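Quick note on numbering: the sequence shown equals residues 4 to 418 in our numbering. Ideal Cβ positions, reconstructed from N, Cα and C, are used throughout, including at glycine. This structure is a prediction, so every number in the text was calculated from the model and none was measured. Worksheet: one structure, shown below.
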Amino acid sequence: MGLATTLTPVPEAWIMAFLHKRGPLYYLHDRIGGRLVRTSLKTDSLQLAKEKLRQYESAKLHDTDSPLPTRTPIADVLTAYVQHIRATKTAKSAQTDVYYLREMFGPCCEAVKINSRTPSDKARKRPRKDEGDKRKRDSIIEADCFEGIRTSQIVTFIGEQVRRRGLRPKTANRYREILVRLFNWAMKQKLVRMPGGVNPAAAVERYREHAPEIRFLTLAQIDEQLTALAELTQLRAMAAVLIYAGLRREELLWLTEADVDLDHGRSGGLIRVQAKTVGGRSWEPKTKVNRAVPISRDLYVRLKDYKPMSSPEGWYFPSPKGRWWDPDNFAADLRKANRAAGLDWGCLDFRHTFGSQLAQNGISLYKIATLMGNSPEICRRHYAALVPEAMVEEVQFRRLQKDADEPQPTQSEAA
């Protein structure tokens, strides 16, 4: 009677991978999921190929991530990333990132395509050009897979945008920043394994940004601006809030009647900039932090007689139709009114006026940042140059020396 033999299946982790040379390059062969998989090691050196094989077998034995790069379609990574930013960012911020991604990679997937099927009135009036959309002919970042994108391609793309479109350094750096976040997210989520585990966008050198040019209104210009809107009661009140409270344009337009308290006890009035859901739509401040801005005497004078138009959703500054006022439409209406008065100031100038006037009055940059919902670093870049104007006495050496030379009172005199 013969002996029965039992064959035990060998785990795949115990199956040895091997090298194979095809042409000048070496390839790694391994059986994964019962299927033979071949991966190019992209080297013609036998020693380098053996080292990569050793790293691969060690990772496989210890059940860790493979050191070899993956090959993931660009469209798959972009689709997953757009879903991520739409879930974690404000709608406007996410849409801005999608715009940049579409510029860099083209409409390679549905996630970065233009979703609006209804053209605006402006688009309907604009005659269609025979040569089509210029941006469709622009160069984009292309590779056979996401892991195949190189630093040199990113540098070439951004450089071409700067030369052809005259981009400012800040905008050029924005392309780089978005790509850095994209690669970091894809690598952290283990969607991709980049060659050498290196983020190719991080190696792109930043463009040197110039000092920001801040335009703000003087006290006389503030009076001129508000006088020009005297006949337009609501626009005048809105401009006053932007100037005297330093709100962003969207923060202004998302104010409800409950957010503006003109009589808040001893502390005076308050404007609350806070997250809310109105009419089924949700909104939150840009920095995702709620804040309250005190209503100054100047602002109170301009709001005490203002009565919001009837609005079913309770907007403090509703559109002429009694609904939420689209930011672009509001900016266009304000621009039209100012042009009629020979003025060219806008919402950003009004917001900078708030920060600049406070800085000139010697208010600390930290307090200004808190009131404006900005970081202290941004306020330092924008308004630090204005602070010394309110610190003339602090740099007078002779005054300090004079104070030191004056005889100090004795204890009996002080008593």
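To the nearest whole angstrom, what separates the beta carbons of residue i and residue j, a pair I think is in contact under 8 angstroms?
i: residue 29; j: residue 46; result: 6 angstroms
i: residue 385; j: residue 365; result: That belief does not hold up - the Cβ atoms of residue 385 and residue 365 are roughly 16 angstroms apart, past 8 angstroms.
i: residue 265; j: residue 320; result: Not really, about 15 angstroms apart at Cβ, beyond 8 angstroms.
i: residue 334; j: residue 350; result: 6 angstroms
i: residue 204; j: residue 179; result: 6 angstroms
i: residue 301; j: residue 247; result: 5 angstroms
i: residue 91; j: residue 287; result: About 12 angstroms separates the two Cβ atoms, so there is no contact after all.
i: residue 207; j: residue 158; result: 6 angstroms
i: residue 348; j: residue 228; result: 6 angstroms
i: residue 88; j: residue 109; result: The pair is not a contact, with the Cβ atoms about 18 angstroms apart (cut-off 8 angstroms).
i: residue 209; j: residue 176; result: 5 angstroms
i: residue 380; j: residue 311; result: Not really, about 36 angstroms apart at Cβ, beyond 8 angstroms.
i: residue 31; j: residue 44; result: 6 angstroms
i: residue 368; j: residue 387; result: 7 angstroms
Would DSSP call residue i helix, strand or coil?
i: residue 309; result: coil
i: residue 318; result: strand
i: residue 210; result: coil
i: residue 296; result: strand
i: residue 25; result: strand
i: residue 284; result: strand
i: residue 91; result: helix
i: residue 173; result: helix
i: residue 75; result: coil
i: residue 236; result: helix
i: residue 279; result: strand
i: residue 188; result: helix
i: residue 245; result: helix
i: residue 195; result: coil
i: residue 370; result: helix
i: residue 304; result: helix
i: residue 216; result: coil
i: residue 223; result: helix
i: residue 153; result: coil
Count the other C-beta atoms from every protein chain shown that fall within 10 angstroms of the C-beta of residue i, then say buried if there are 16 or more, exposed otherwise.
i: residue 100; result: buried
i: residue 23; result: exposed
i: residue 315; result: exposed
i: residue 332; result: exposed
i: residue 329; result: exposed
i: residue 370; result: exposed
i: residue 324; result: exposed
i: residue 72; result: buried
i: residue 272; result: buried
i: residue 304; result: exposed
i: residue 421; result: The question about residue 421 has no answer, for the chain in this structure spans 4 to 418.
i: residue 19; result: exposed
i: residue 116; result: exposed
i: residue 352; result: buried
i: residue 137; result: The pLDDT assigned to residue 137 is 49, lower than 50, so where the model puts this residue is not dependable, and the model offers no usable value.
i: residue 223; result: exposed
i: residue 182; result: buried
i: residue 102; result: exposed
i: residue 55; result: buried
i: residue 163; result: exposed
i: residue 85; result: buried
i: residue 306; result: buried
i: residue 39; result: exposed
i: residue 326; result: exposed
i: residue 244; result: buried
DSSP beta-bridge partners for residue i?
i: residue 357; result: Residue 357 pairs with nothing; no bridge assigned.
i: residue 99; result: BP columns for residue 99 are empty, so no partner.
i: residue 31; result: 22 and 42
i: residue 264; result: 273
i: residue 259; result: 318
Whose C-beta lies closer than 7 angstroms to the C-beta of residue i among residues of the same chain, with five residues either side of it excluded?
i: residue 139; result: With a pLDDT of 49 at residue 139, under the threshold of 50, the predicted position of this residue should be treated as unreliable, though the coordinate-derived value follows. Closer than 7 angstroms at the Cβ level, and outside the excluded window around residue 139, lies no residue.
i: residue 232; result: 238, 239, 242 and 340
i: residue 419; result: This structure cannot settle anything about residue 419, because the visible part of the chain is limited to 4 through 418.
i: residue 173; result: 212
i: residue 111; result: 77, 78 and 81
i: residue 346; result: 228 and 231
i: residue 2; result: Any property of residue 2 remains undetermined from this structure, which presents the chain solely from 4 to 418.
i: residue 254; result: 276 and 288
Skipping 5 residues on each side, what residues in its chain have a beta carbon closer than 8 angstroms to that of residue i?
i: residue 80; result: 149, 185, 189, 194 and 195
i: residue 133; result: Because residue 133 sits at a pLDDT of 46, beneath the cut-off of 50, its placement in the model cannot be relied upon, and the following sentence gives the value as read from the coordinates. Closer than 8 angstroms at the Cβ level, and outside the excluded window around residue 133, lies no residue.
i: residue 375; result: 249, 354, 357, 358 and 382
i: residue 53; result: 22
i: residue 197; result: 72, 150, 186, 190 and 203
Which residues in the same chain have their Cβ closer than 6 angstroms to the Cβ of residue i, if we skip the five residues on either side of it in sequence?
i: residue 277; result: 293
i: residue 252; result: 330 and 350
i: residue 135; result: Low local confidence applies: a pLDDT of 49 at residue 135 is under 50, so the model's placement there is unreliable, and no value is given.
i: residue 262; result: 275
i: residue 418; result: Only weak support is given to the placement of residue 418: the predicted model assigns it a pLDDT of 49, under 50, and the value that follows is read from those uncertain coordinates. So no residue of the chain qualifies.
i: residue 105; result: 115
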